[in-house]
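Reviewing the structure listed below.
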Amino acid sequence: MPRWLFWILTVVMGVTLSGLLVSSLALWTPLWSGVDKTEDELGWSTLDAEDAPLTGDLWSNISQYQLKKPMNILVLGVEPVPGTVEGSPESFAGNSDTMLLVRVNPEDKTIRVLSIPKGTMISIPERGLNKVSQANASDGPVLAARVVSRSLSNAPIHRYIRISTDGLRQLVDQLGGVEVFVPKPMQYEDSAQKLSINLVSGWQTLDGEKAEQYVRFREQNSGDLERVQRQQTMLLALRERLWSPKVLPRLPQLTRLTRKYFDTNLKLEEMMALVNFTLKVEQNDFQMTLLPGIFSRLSADPDSYWLDLNGQADLLANYAGVNLASLKQTNKPITSLKIAVQNTGNRLEQTQKVMEILKKQGFTNVYAVSNWADERAKSEIIVQKGNKQAASELQQILNINHIDISATGDIQSDLTIRIGKDWK
């Protein structure tokens, strides 16, 4: 692999989840879309990969590649296939343990990540109703993109990235570990999957093996959602670590050591434009949410997750680029949203005070959840289901500065208020 590609893949790795690539770039012919657009129509003036100007200063070369149109990338974290050679095409043919739809949008300078639970029920051609995690193993990434697109009202999916879950261990170890807060002890044994998890609670630096344990742990009867939350937390931890000044000089070496775990149909020009775009994205413009749905208690499989896109027009527009007049947004009054209040210390009176303020403002669905074990200096509002406008209104009411757009709050909430030391 040439030297320039080490750099490109490395920076792309900078927005990674569980060893899974989360960012990419503007491709011009979708893998699966109802509309077939040419490169010119999408505003891309491309160079052939062999003719790309790669001499001289790398960053000067990158700056001439610009992302002009929004694009969607399907990211698959693929389970290892026993008996295959690492890095071979066959090694990427397993079920997807993690699935993300990443939307890179130069129009509002955002990167948005939609987490898709592995138990999401979809229709797979010739196999009928099945879990989305099995689509890649059935017929590869194009089929996976096709069924995800159809399930999201024909959202265009332009490229794919597949990453072996073995890559997480290697990446984290090469980074010297990642800083993660483990909210509670995690113990689990599964001899069939050769999985043994034993993590203590608190802040710690996880090595590759423990990082994999952290993202794969799932409590009984909790479904897949808490695991998805931990994947998003790991994504943020990896992003923070990869962009640190101490790690940046080592990125070419890291890419050489981990490249066999990546499979993508991104072109060189697309990768370079992605790097250029990603470097300019502000931290607050990296946003994550969870695909709306429910676990069915009536299903024979309690792990099955059923989509519920009613009233989710804004979410589909922002995270998938789907604009359907028939799919109306349900504009529920903000006062009816589910709002969880969580203290990061042992100050029960503060929790009660926040709840009283909200109830006086007419909020009817406010509830307290167990304290967050890691005491925070600053309070924050966590946008659990992508409703940033509602969070902005709460921000004005409570005078809380920080909004975190990620599905890392209380699972049942629309918004979670996490109270820090600064709350008066």
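Position in the sequence shown counted from 1, then plus 842, gives you this note's numbering. Cβ coordinates follow ideal geometry from the N, Cα and C atoms, glycine included. None of the values given here were measured: they were computed from a predicted structure.
DSSP-derived helix/strand/coil call for residue i
i	result
D1015	helix
E932	helix
S865	Note that S865 scores 32 on pLDDT, short of 50, meaning its location in the model is unreliable and no value can be drawn from it.
L994	coil
T1007	coil
T1131	strand
N947	strand
R1083	helix
K879	Note that K879 scores 36 on pLDDT, short of 50, meaning its location in the model is unreliable; the coordinates nonetheless yield the value given after this. Coil, per DSSP.
G1153	strand
K973	strand
N1185	strand
Y1209	strand
I1239	helix
P872	Caution is warranted here: a pLDDT of 46 is assigned to P872, below 50, making its placement in the model unreliable, and the coordinate value is therefore given only provisionally. The answer is coil: DSSP assigns P872 none of H, G, I, E or B.
S1234	helix
F1104	strand
I1259	strand
S957	strand
T952	strand
Y1161	helix
N1229	coil
I1253	coil
S1178	helix
Spatially closest choice to residue i from the options, by CA coordinates
i	options	result
T1177	T1193, S991 and I1199	I1199
E1222	Q1055, N1126 and K960	N1126
P1144	V920, T1120, V917 and G961	G961
Q1129	L1084, L1077, S1038 and L1096	L1077
G1153	S1146, L1133 and Y1147	L1133
G1163	V944, P924 and Q908	V944
A979	E1054, I915 and G919	G919
T1131	N1165, E1068 and G970	E1068
G1204	L1236, A1249, L1190 and L1099	L1236
Q1254	S1234, L1041 and I1224	I1224
E1112	Y1147, G970, Y1002 and L1080	Y1002
R1011	K951, S905 and L1048	L1048
8 Å CB neighbourhood of residue i in its chain, flanking five on each side removed
i	result
K1220	N1243, H1244, G1262, K1263 and D1264
P922	S933, G936, S1006, T1007 and D1008
V1196	V1183, L1240, I1259, I1261 and W1265
D1256	L1179, K1180, I1181, Q1226, K1227, N1229 and A1232
I958	M941, L942, L943, V974, V990 and L1133
R1072	Y1056, V1057 and F1059
I966	N972, Q976, A977, S980, L985 and V989
For residue i, the residue or residues it bridges with in DSSP
i	result
Q1046	V1022
W1148	I1136
Y1002	L916
L1037	D1032
T962	Y1147
I1199	BP columns for I1199 are empty, so no partner.
S938	V920
D1264	DSSP output for D1264 lists no bridge partner at all.
I1245	I1223
Buried/exposed call for residue i, threshold 16 Cβ in 10 Å
i	result
I1136	exposed
T1206	exposed
D1032	exposed
N1229	buried
E1021	exposed
Y1209	exposed
N1185	buried
E892	Model confidence at E892 stands at a pLDDT of 38, short of 50, so the residue's coordinates are unreliable; what they give is reported in the following sentence. E892 should be labelled exposed.
Q1074	buried
V927	exposed
G1018	exposed
Q833	The first residue shown for the chain is 843 and the last is 1266, placing residue 833 beyond what the model contains.
E968	exposed
K1322	Beyond the ends of the chain as shown, which are 843 and 1266, falls residue 1322; an answer cannot be given.
Q1192	buried
N1165	exposed
N1118	buried
P983	buried
is_contact[residue i, chain C] using C-beta, thresh 8 Å
i	result
N914	The structure shown contains no chain C; it holds only a single protein chain.
Residues of its chain near residue i, where Cβ-Cβ distance is below 6 Å and the 5 sequence neighbours each way are ignored
i	result
D1252	A1182, V1211 and T1258
D1216	F1023
K1026	S1043
V946	M913 and I953
W1045	F1023
G929	K1102
Q976	N937
V1014	V1020, G1050 and A1053
Q1016	L1096 and L1099
Own chain residues within Cβ distance below 7 Å of residue i, not counting five before or after
i	result
N1188	N1213
E949	P912
D1150	P1134, G1135 and I1136
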